[in-house]
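Numbering-wise (the UniProt record's numbering), the sequence shown opens with residue 1 and increments by one. Using N, Cα and C, we set each Cβ at its ideal position, and we do this for glycine too. Taking it in order: structure first as structure tokens, then the write-up.
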Amino acid sequence: MASKWIPNDNDSYNQRILDIAEESGHILTPIQGYDKQPLVTLEQAIEPIIPFVPDIKRMAFIAKVKCGKSPANDLSIDESASIILYSMDWESQEECLYHALNKTLRTENRRKLKPWFLYLRLILTALSRLPYSTHFVFRGVKCDMRKDYVEGETIYWWGFSSCTTKMGVLQNEEFLGSTGPRTLFAIECFSGKNIRQHSSFHEEAEILLPPGRQFEVVSSLDQRNGLYLIQLKETEPPFPLLQPLPQVTSSKEQANKKVMTKESVISRLPSPEINTNGSYKQAINILLLGGTGVGKSTFINALANYLVNDTFEQALNDTMQVIIPFSFDFITDYHTFETTRVCTGKSDEYEVVDKPSETNTRKCRSFVFTIGNKLMRVIDTPPVGDTRGVEQDIANSKEINAYIAQYEHLDGICIFLRPNEEILSVSFRYCVQGLIHYLPKNTMENIMFIFTNVRATYYRSGSTSRILSVLSKKNEEKFGVHIRFTKENTFFLENQGLQYLSVHREGIRISCEVIHGLIKSFNHTKEEYARLIFQIATRPIHIRHDIHLLFEVREILKILLTCIIPLSTTAGNQKHSIGLQNEKMQIENPISNKFLIGV
């Protein structure tokens, strides 16, 4: 006799939330082997498990009908249906797919998992495409579990773990109720996936944790009246307990996504189109200025990846966009601090990535991106304070001046800074005054301050903001010129995720805890990019005769960016540093016969 499916019954969801007592908490052999299986249809994936799950063919058919023609999150129909099938209820709960699967995952005999490999590959692939849910979630059970969850111990869950984001839901009678011994688990997780849009129970805020999770028991509390609270924190084991999936792109993504390639980004600006009012559509031109290693080139590489990926998970699964070659040191062993040099791309006449102690960017060049119906040209420049010396820095300045002269207008001047500089030197103050003297007053509105590597300062400007605020106020009082330093023209970028995309491409795996932080920085920084582009696009355009003095501006900026003395510098070093700065200020400007601020 066929099993009966009850579409509006929440017993399946309730049982999944409450089945925590089935977990032994002990370490078992890792789950592996499924990852070597091909991605197949749902019908093919369930074929090997027909003997273990009665009436599964009919249930799979219902699941595919329920998911519709266009599942959310760009999942394929088979991927979405695999999650729906997991959440569906049979009349006998022991015959449900989720019950049979989790029972097998929790057994020590891993050979019993083999018939499930195709289905595991399908559902875990589907879950990998969903956004992470990185907050507290809750589970419960109608018994006292304190003896199995001792504070400070490490425990393991091997089945899929259904949780809810609404703690109050568990007080309902169909869950924990209000009488008898009950244990509520509050779980701080980083691997949870929100399956609400792919569940039989759309009204439930269900978060699904993958199998093979490790937790630390943080605390255990007696809430009285038979209710006990256990707090868990998900932690990363030294080796994966669930073998990671190979990185693939779904057929639907392949069909719908136009991947941005290096050739499509580094393109010549086409002939301008004529608007209906007879004027020309112009590109948005943005000039990048900053010190050595502050992140100008990284800014461009990250932009290319943000334009083609909405989430960090998509970026991990996608082809990484490398517009400019770059390199960095990555710690591979946190006990010995052993590092490896990771190079992405090869050195060329514009960038040198195989000499860690030298300036990377050697020449100016521009990159054209399509933003909606506009073209945006980002102009990368050699850094302020080239490591090759003063003469090279002067040559760089001449090149920058000649390079920007070919453009009719400039929309934005982005000054890149580190967030945690401490002490304002006399030379720094002098340079800001020079900047005000040389830069046309009407271009002040186009200056944008870009703070990089801001994760350590909690996405704020740190102590550097105090320096800029003081300078802005004093120079407005003294010269009557206001350099804006407000939230509107200040942006906080953390592009560390770009390094991890490169590391991931080299086959070095990243812990889930690290990914949790990268997801936050990815989402934050992408929003900051959008805000920056909007601010620049709405600024007044300054045509060539307004920007011909940028050569002098750049020379002044050179000392502005290099004369902030870190707080930890000794008084003796400060005196020596200022002495060197005074020597540099004696260099004569061969172009304008005015004062040239050296490297």
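Exercise for the section: Starting from Met376, follow its DSSP beta bridges and name the residues at the other end. Expected result: The residue given as residue 376 occupies position 376 in the sequence shown. Its beta-bridge partners are Ile284 and Phe369.
Practice task
Excluding the 5 residues preceding and the 5 following Phe215 in the sequence, name in chain order all residues of the same chain whose CB lies nearer than 8 Å to its CB.
Solution key: The residue labelled residue 215 in the question sits at position 215 within the sequence shown. For Phe215, where only same-chain residues beyond five positions count, the Cβ hits under 8 Å are Thr154, Ile155, Tyr156, Trp157, Ile187, Leu232, Lys233, Glu234 and Thr235.
Practice task
Pick out whichever of His524, Arg505, Cys343 and Arg466 has its Cα sitting closest to the Cα of Glu491.
Solution key: For the purposes of this step, residue 491 is taken as the residue at position 491 of the sequence shown. First, the amino acid is wrong: residue 491 is Phe here, not Glu. Minimum Cα-Cα distance from Phe491 among the listed residues His524, Arg505, Cys343 and Arg466 corresponds to His524.
Exercise for the section: Alpha carbon to alpha carbon, how far is Pro382 from Glu349? Give it in angstroms, no decimals. Expected result: For the purposes of this step, residue 349 is taken as residue 349 along the sequence shown, with counting starting at 1. For the purposes of this step, residue 382 is taken as residue 382 along the sequence shown, with counting starting at 1. For Glu349 and Pro382, the gap between their C-alpha atoms comes out near 12 Å.
Exercise for the section: Check whether the segment 78 to 97 touches the segment 135 to 142, counting contact only when three or more Cβ pairs, one atom from each stretch, lie closer than 8 Å. Expected result: Segment contact: the segment 78 to 97 against the segment 135 to 142, fewer than three CB-CB distances shorter than 8 Å; contact not assigned.
Exercise for the section: Assign Asp380 to one of two classes, buried (16 or more other C-beta atoms within 10 Å of its C-beta) or exposed (fewer than that). Expected result: Here residue 380 refers to the residue found at position 380 when the sequence shown is read from its first residue. Buried: at least 16 other Cβ atoms inside 10 Å.
Handout entry: The alpha helix (DSSP H) enclosing Lys57, as first and last residue numbers
Key = On the sequence shown, position 57 is the one that residue 57 refers to. Counting along the chain, the alpha helix (DSSP H) containing Lys57 begins and ends at Ile56 to Cys67.
Handout entry: Sequence-distant residues of its chain with Cβ nearer than 7 Å to Lys575 (five each side left out)
Key = As a first step, residue 575 is located in the sequence shown; it is residue number 575 there, counting from the start. For Lys575, the pLDDT reaches just 41, beneath the cut-off of 50, and the residue's location in the model is therefore unreliable, although a value from the coordinates is still provided. Excluding residues within five positions, none has a Cβ falling inside 7 Å.
Problem - Selection from Lys398, Lys296 and Phe522 that minimises the alpha carbon distance to Gln314 - result: Taking the first residue of the sequence shown as 1, we reach residue 314 at position 314. Taking only the C-alpha atoms, the option nearest Gln314 is Phe522.
Problem - Thr361 beta carbon less than 8 Å from that of Arg388 - result: Here the question's residue 388 lines up with position 388 in the sequence shown. Here the question's residue 361 lines up with position 361 in the sequence shown. Against a cut-off of 8 Å, the Cβ pair of Thr361 and Arg388 comes out as no contact.
Exercise for the section: Measure how close the beta-carbons of Lys66 and Ile77 come, nearest whole angstrom, since I'm counting them as under 8 Å. Expected result: Locating residue 66 in the sequence shown gives position 66, counting from the first residue. Locating residue 77 in the sequence shown gives position 77, counting from the first residue. Actually they are not in contact, since the Cβ atoms of Lys66 and Ile77 sit about 10 Å apart, beyond 8 Å.
Practice task
Round the Cβ separation of Val141 and Ala21 to the nearest angstrom and send it over; I've been treating them as touching at under 8 Å.
Solution key: As a working mapping, residue 141 is identified with position 141 in the sequence shown. As a working mapping, residue 21 is identified with position 21 in the sequence shown. Yes, Val141 and Ala21 are in contact; Cβ-Cβ is about 5 Å, under 8 Å.
Problem - Inter-stretch contact at 8 Å, needing at least 3 Cβ pairs: the segment 412 to 420 / the segment 287 to 295 - result: Yes: at least three Cβ pairs fall under 8 Å.
Handout entry: Length of the line joining the Cα atoms of Ser502 and Cys343
Key = The count along the sequence shown starts at 1 and reaches residue 502 at position 502. The count along the sequence shown starts at 1 and reaches residue 343 at position 343. Going from the Cα of Ser502 to the Cα of Cys343 covers about 8 Å.
Practice task
Compute the beta-carbon to beta-carbon distance between Ala302 and Leu532, rounded to the nearest angstrom, for a pair I have assumed lies under 8 Å.
Solution key: What you label residue 302 is simply residue 302 of the sequence shown in a count that begins at 1. What you label residue 532 is simply residue 532 of the sequence shown in a count that begins at 1. Rounded to whole angstroms, the Cβ separation of Ala302 and Leu532 is 12 Å, and the two are not in contact under 8 Å.
Practice task
Go through its chain and collect everything with a Cβ distance to residue 600's Cβ below 7 Å, but skip five positions before and after it.
Solution key: With the chain running from 1 to 599 in the structure shown, residue 600 is simply not present.
Problem - DSSP bridge partner residues for Leu289 (one or two, in chain order) - result: Taking the sequence shown and counting its residues from 1, the one referred to as residue 289 is at position 289. Looking at the DSSP assignment, Leu289 forms a beta bridge with Ile415.
Handout entry: Buried versus exposed, by CB contacts within 10 Å (16 or more), Lys473
Key = Taking the first residue of the sequence shown as 1, we reach residue 473 at position 473. Counting Cβ neighbours within 10 Å, Lys473 comes out exposed, since fewer than 16 surround it.
Exercise for the section: Rounded to whole angstroms, what's the CA-CA distance from His516 to Ala72? Just pull it up for me. Expected result: Numbered from 1 along the sequence shown, position 516 holds the residue referred to as residue 516. Numbered from 1 along the sequence shown, position 72 holds the residue referred to as residue 72. His516 and Ala72: Cα-Cα distance of roughly 22 Å.
Handout entry: Close Cβ partners of Ser191 (< 8 Å) along its chain, the five nearest in sequence each way excluded
Key = As a first step, residue 191 must be located in the sequence shown, where it is residue number 191. The residues are Tyr132, Leu209, Pro210, Arg213, Glu234 and Cys512.
Practice task
Locate the alpha helix (DSSP H) running through Arg224, then write down its first and last residues.
Solution key: Within the sequence shown, numbered from 1, the residue matching residue 224 stands at position 224. No alpha helix (DSSP H) holds Arg224; DSSP gives it neither H nor E.
Problem - Straight-line gap, Thr125 to Leu245 (C-alpha atoms, nearest Å) - result: Along the sequence shown, one-based indexing puts residue 125 at 125. Along the sequence shown, one-based indexing puts residue 245 at 245. Spanning the two alpha carbons is a distance of roughly 7 Å.
Handout entry: Span of the beta strand (DSSP E) around Tyr156
Key = Residue numbering aside, residue 156 sits at position 156 when the sequence shown is read from its first letter. First-last of the beta strand (DSSP E) with Tyr156: Thr154 to Trp157.
Handout entry: Leu296: first and last residue of the uninterrupted alpha helix (DSSP H) it sits in
Key = Here residue 296 refers to the residue found at position 296 of the sequence shown. Residue identity check: residue 296 is Lys in the sequence provided, not Leu. Segment Lys296 to Val308, the alpha helix (DSSP H) holding Lys296.
Exercise for the section: Tell me, please, which residues DSSP counts as bridged to Gly507. Expected result: As a first step, residue 507 is located in the sequence shown; it is residue number 507 there, counting from the start. Gly507 is not bridged to any residue.
Exercise for the section: Give me the Cα-Cα distance between Lys57 and Tyr98, rounded to the nearest whole angstrom. Expected result: Here residue 57 is taken as the residue at index 57 of the sequence shown, counted from 1. Here residue 98 is taken as the residue at index 98 of the sequence shown, counted from 1. Between Lys57 and Tyr98, the alpha-carbon positions lie close to 15 Å from each other.
Exercise for the section: Please go through the same chain and pick out, in chain order, the residues whose beta-carbon is closer than 6 Å to the beta-carbon of Gln37, but skip the five residues on each side of it. Expected result: As a first step, residue 37 is located in the sequence shown; it is residue number 37 there, counting from the start. The residues are Phe117, Leu118 and Arg121.
Practice task
Locate the beta strand (DSSP E) running through Val137, then write down its first and last residues.
Solution key: On the sequence shown, position 137 is the one that residue 137 refers to. The continuous beta strand (DSSP E) containing Val137 extends over residues Phe136 to Val141.
Handout entry: Proximal residues to Glu351 (C-beta, below 8 Å), its chain only, five neighbours per side dropped
Key = Along the sequence shown, read from residue 1 onward, the residue named residue 351 stands at position 351. For Glu351, the CB contacts under 8 Å within the same chain, skipping 5 residues up- and downstream, are Ser297, Ile324, Pro325, Phe326, Gly345, Asn360, Thr361 and Arg362 in chain order.
Exercise for the section: Could you check which residue in Glu79, Phe330, Leu307 and Phe185 has the C-alpha nearest to that of Gly507? Expected result: Looking up residue 507 in the sequence shown gives position 507. The candidate whose alpha carbon is nearest that of Gly507 is Phe330.
Handout entry: Under the three-state DSSP convention, the category Tyr228 falls into
Key = If you number the sequence shown from 1, residue 228 lands on position 228. In this structure, Tyr228 counts as strand in the three-state DSSP scheme.
Exercise for the section: With DSSP as the reference, label Lys355 as helix, strand or coil. Expected result: Walking along the sequence shown from the start, residue 355 turns up at place 355. In the three-state scheme derived from DSSP, where H, G and I count as helix and E and B as strand, Lys355 is classed as coil.
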